[in-house]
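In my numbering, the protein residues as written are 164 to 929.
What follows is the structure in structure tokens.
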């Protein structure tokens, strides 16, 4: 586990942790421990630790779920009441981090870092959440962070910004201290300009605070989230309650209950003013107990700022004339005029699936599955055949960028920033996509905001925006990140795998600066408009808390009015798949003594529900066997996974991917052990106990997933896209139960032959 965490970030963290932890014990007691301890500890040390700290007066037992409270309490009393505290207990010493008032600076470089970052950390005492006043301060902080996030999001969308990424917020940090963090990433030659740009926003907040419009938006958004939680209180996950009770036990956080919390939040939020937010500024944006961290690639060392440089930049910004933020008047409507709409020309219902199918007058098909899994949640999916496959390789990059270009440009008369402000307080999101074989939309909304979601879909069809200058800036940032990412071993390894498995086709290659240069935004816009010119072959799926009869008029009005030209399209078979035969690539990158292994079995496939279940079960059994061998028996890995992928179109294909990390000297031994496990699966009997374990876990997973809107959206839209039988879901449990040792052995012998086998290894440079 410690080996897997090694890399540039860990090496630098070990250097700056004593600084930001003020030389406290926390800088020497990371939970993973030291390599020396891990390699040389004595058994008695573990026994002593257990006896010292695993005792009833330091423990709590929390049980939440579908239980009989009295019976559960009786069981707990029976099992745990005889536990005794030791006669003499080791005192629990606290080691608070002392805030001394001093400012500190750290500059660290590493050859595997990709881009320089600067962080300014202003530390202050940890804020508890126990009293009503604590709650008020927490709400103030939430507003403070919301507005800062909004400001930096707006700033990042402006063309030609000198930073790649920037932001600031206040929050938890370590032990008894919290931190206000300002961070930025930039090219080395732009660090000065980037820092001054970011610090100007910090000084703007210090000087002027926040506008009433900003505060109002933040309040609306935060309260909306509270109200949503209240509305879903009877559908809250057990794990959420466990988290709340755990924080109460460990941190003494109050358990107020969502009804009281919402009521109190509304009362206190109403009284929070711009002056209160100004107090947050003086509370968090401190000039003392401040640490400055500069982390950068070794190659950029000569261009990095000293502490004197950064303090000078801060003073320069303070001397600059900074203007206040002026909020533009918000637009009040997405669309100027509601559409006349179409009609529902056909309606049918599958009673078993509780699935209604509508055909609209413009050819659009809509599938509706109302559920009661949540009280106010609707998921939306739409697809149409075509995608980037219809365009030549020369247009591929422009086609790939098209939907993101349009999304980042805004919608209708709204820029993206204006749109996000307009949607404040609404639970709605819609985004277009263009995949390889289809295009469409993904989204979600509340019941009240479903009309807004439909309006957004209408505008994405009829009034897509193009903001060339803003998106060009985003592309330039992406190029910088890609070029500098080549110093990251994991990135180089992933790029190599993508190139080899994709047969070096541009449509499977990892993104490169040269590929970004191929993007023609005018062509991207043309392709987007072409993909969304015809709604007649679109299929929409809605799943969630709605009444079919109540939302049908909205569907007819908006989706029924979408433009159509009645064309017939089918995606093109690009004939791209994993090459056959045996492949091997070793990448030597990185200085840490660790390796990564990826093994891929692939080939042609006979797609069917039964075969899909068998292949997935085989990968799960393989994971169990590999964990037993590579982790438990060989002690060679922390974790290992085997996963299966399969496709129906454009061709029935499958792949099984095995991945693990290990010490370089163990690579060949563990690959050999992996192959032995595979051979045993193919040649030796599989126990019924193993099969029962896989089946039981899958049945339980299916039981839980089938009570989630996301599962049904994915299932229905996925089966419609692939022309699969929608009623297959009813046969799934029986298909799982039909899995036998013999059928899994047959699957192993079919899919793990090694006839088409790719082996990838990431080793350190030396």
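Glycine included, every Cβ here is placed at the ideal spot set by N, Cα and C.
On the premise that residue 345 lies in contact with residue 331, defined as a C-beta separation below 8 Å, what is that separation, rounded to the nearest angstrom? Taking the chain shown and counting its residues from 1, the one referred to as residue 331 is at position 168. Taking the chain shown and counting its residues from 1, the one referred to as residue 345 is at position 182. Residue 331 to residue 345, Cβ: 4 Å. Contact.
Spatial neighbours of residue 352 in its chain, beta-carbon cut-off 8 Å, leaving aside the 5 residues before and after: The residue you call residue 352 lines up with position 189 of the chain shown. Once the five neighbours on either side are set aside, the close Cβ partners of residue 352 are 466.
Alpha-carbon spacing of residue 644 relative to residue 277, whole angstroms: For the purposes of this step, residue 644 is identified with residue 481 of the chain shown, where counting begins at 1. For the purposes of this step, residue 277 is identified with residue 114 of the chain shown, where counting begins at 1. So the alpha carbons of these two residues sit roughly 7 Å apart.
Can you tell which of 627, 406 and 280 has its C-alpha closest to the C-alpha of residue 225? The residue labelled residue 225 in the question sits at position 62 within the chain shown. Looking at the Cα atoms, 406 is the closest of the given residues.
Is the beta carbon of residue 316 sitting closer than 8 Å to the one on residue 507? Counted from its first residue, the chain shown places residue 316 at position 153. Counted from its first residue, the chain shown places residue 507 at position 344. No. Outside cutoff.
So, with DSSP's three-state summary, where would you put residue 692? Taking the first residue of the chain shown as position 1, residue 692 is located at position 529. Residue 692 falls in the helix class under three-state DSSP.
Would residue 125 and residue 879 qualify as a contact pair, given that the criterion is a beta-carbon distance under 8 Å? With the chain running from 164 to 929 in the structure shown, residue 125 is simply not present.
To the nearest angstrom, how far is it from the Cα of residue 629 to the Cα of residue 668? Walking along the chain shown from the start, residue 629 turns up at place 466. Walking along the chain shown from the start, residue 668 turns up at place 505. Rounded to whole angstroms, residue 629 to residue 668 spans 29 Å at the Cα level.
Let me check understanding here. Comparing Cα to Cα, which of 783, 822 and 777 lies closest to residue 905? The residue given as residue 905 occupies position 742 in the chain shown. Taking only the C-alpha atoms, the option nearest residue 905 is 777.
Would you say residue 127 and residue 494 are within 8 Å of each other, going by their C-beta atoms? Lying before the first or after the last residue shown, residue 127 is absent from the chain, which here runs from 164 to 929.
With distances taken from CA atoms, which of 795, 542 and 810 is nearest residue 803? The residue labelled residue 803 in the question sits at position 640 within the chain shown. Out of 795, 542 and 810, 795 has the C-alpha closest to the C-alpha of residue 803.
In DSSP terms, what residue 607 is bridged to: Numbered from its first residue, the chain shown carries residue 607 at position 444. DSSP, once it has assigned bridges, lists 542 and 592 as partnering residue 607.
Helix, strand or coil: which one does DSSP assign to residue 714? What you label residue 714 is simply residue 551 of the chain shown in a count that begins at 1. Three-state result, residue 714: helix.
Going by beta-carbon coordinates alone, are residue 773 and residue 883 separated by less than 8 Å? As a working mapping, residue 773 is identified with position 610 in the chain shown. As a working mapping, residue 883 is identified with position 720 in the chain shown. No, they are not a contact pair.
Could you check the C-alpha separation between residue 462 and residue 325 for me, to the nearest Å? Residue mapping note: residue 462 aligns to position 299 of the chain shown, counting from 1. Residue mapping note: residue 325 aligns to position 162 of the chain shown, counting from 1. Taking the straight line from one Cα to the other gives about 20 Å.
When DSSP labels each residue in this structure, what does residue 284 get in the three-state scheme? In the chain shown, residue 284 corresponds to position 121, counting from 1. Residue 284 falls in the strand class under three-state DSSP.
Within the same chain, show all residues whose beta-carbon is closer than 8 Å to that of residue 523, passing over the 5 residues directly before and after it, in chain order. What you label residue 523 is simply residue 360 of the chain shown in a count that begins at 1. 505, 506, 507, 508, 529, 718, 719, 722 and 723.
In the DSSP assignment, what are the bridge partners of residue 510? Numbered from 1 along the chain shown, position 347 holds the residue referred to as residue 510. For residue 510, which the question treats as bridged, DSSP gives the partners 521.
Distance CB(residue 592)-CB(residue 603) smaller than 8 Å: By one-based count along the chain shown, residue 592 stands at place 429. By one-based count along the chain shown, residue 603 stands at place 440. No, they are not a contact pair.
Under the three-state reduction of DSSP, which class applies to residue 922: helix, strand or coil? Here residue 922 refers to the residue found at position 759 of the chain shown. In the structure shown, residue 922 sits in a strand (DSSP, three-state: E or B).
Could you tell me the alpha carbon to alpha carbon distance between residue 469 and residue 479, rounded to whole angstroms? Counting from one through the chain shown, the residue named residue 469 turns up at place 306. Counting from one through the chain shown, the residue named residue 479 turns up at place 316. Cα to Cα, residue 469 sits roughly 15 Å from residue 479.
Let me check one thing: in DSSP terms, what residues is residue 337 bridge-paired to? Here residue 337 refers to the residue found at position 174 of the chain shown. Bridge partners of residue 337: 340.
Can the beta-carbon of residue 624 be found closer than 8 Å to that of residue 729? Looking up residue 624 in the chain shown gives position 461. Looking up residue 729 in the chain shown gives position 566. Contact: no.
Measuring CA to CA, which of 826, 874, 886 and 909 is closest to residue 929? Position 766 of the chain shown, counting from 1, holds the residue named residue 929. Closest by alpha carbon: 826.
Got a sec, what are the start and stop residues for the beta strand (DSSP E) residue 810 sits in? Position 647 of the chain shown holds residue 810. First-last of the beta strand (DSSP E) with residue 810: 803-810.
Within the segment 714-758, ranges of the beta strand (DSSP E) (whole runs, at least 3 residues): 745-751
Rounded C-alpha distance that separates residue 364 from residue 635: Residue numbering aside, residue 364 sits at position 201 when the chain shown is read from its first letter. Residue numbering aside, residue 635 sits at position 472 when the chain shown is read from its first letter. If you take the alpha carbons of residue 364 and residue 635, they lie about 23 Å apart.
Going by the beta-carbon positions, is the gap between residue 338 and residue 189 smaller than 8 Å? The sequence position of residue 338 within the chain shown is 175, counting from 1. The sequence position of residue 189 within the chain shown is 26, counting from 1. Yes, these two residues count as a Cβ contact at 8 Å.
I need the DSSP call for residue 229, collapsed to helix, strand or coil. Indexing the chain shown from 1 puts residue 229 at position 66. Coil at residue 229, not helix or strand.
Closest residue to residue 294 among 217, 239, 198 and 427 (Cα-Cα distance): As a first step, residue 294 is located in the chain shown; it is residue number 131 there, counting from the start. Answer by Cα proximity: 427.
Any 3 or more C-beta pairs closer than 8 Å across the segment 763-770 and the segment 920-928: yes
When DSSP labels each residue in this structure, what does residue 599 get in the three-state scheme? Taking the first residue of the chain shown as 1, we reach residue 599 at position 436. Coil at residue 599, not helix or strand.
Taking the beta carbon of residue 236 as the centre, do at least 16 other beta carbons fall within 10 Å, making it buried, or is it exposed? One-based indexing of the chain shown puts residue 236 at position 73. Exposed is the call here.
I'd like the span of the beta strand (DSSP E) that includes residue 269, first residue to last. As a first step, residue 269 must be located in the chain shown, where it is residue number 106. Residue 269 -> beta strand (DSSP E) spans 267-273.
Let me know the secondary structure DSSP gives residue 618 once reduced to three states. Here residue 618 refers to the residue found at position 455 of the chain shown. Here residue 618 sits in helix by DSSP.
Just to confirm before moving on: does the CB-CB distance between residue 935 and residue 927 stay below 8 Å? This structure cannot settle anything about residue 935, because the visible part of the chain is limited to 164 through 929.
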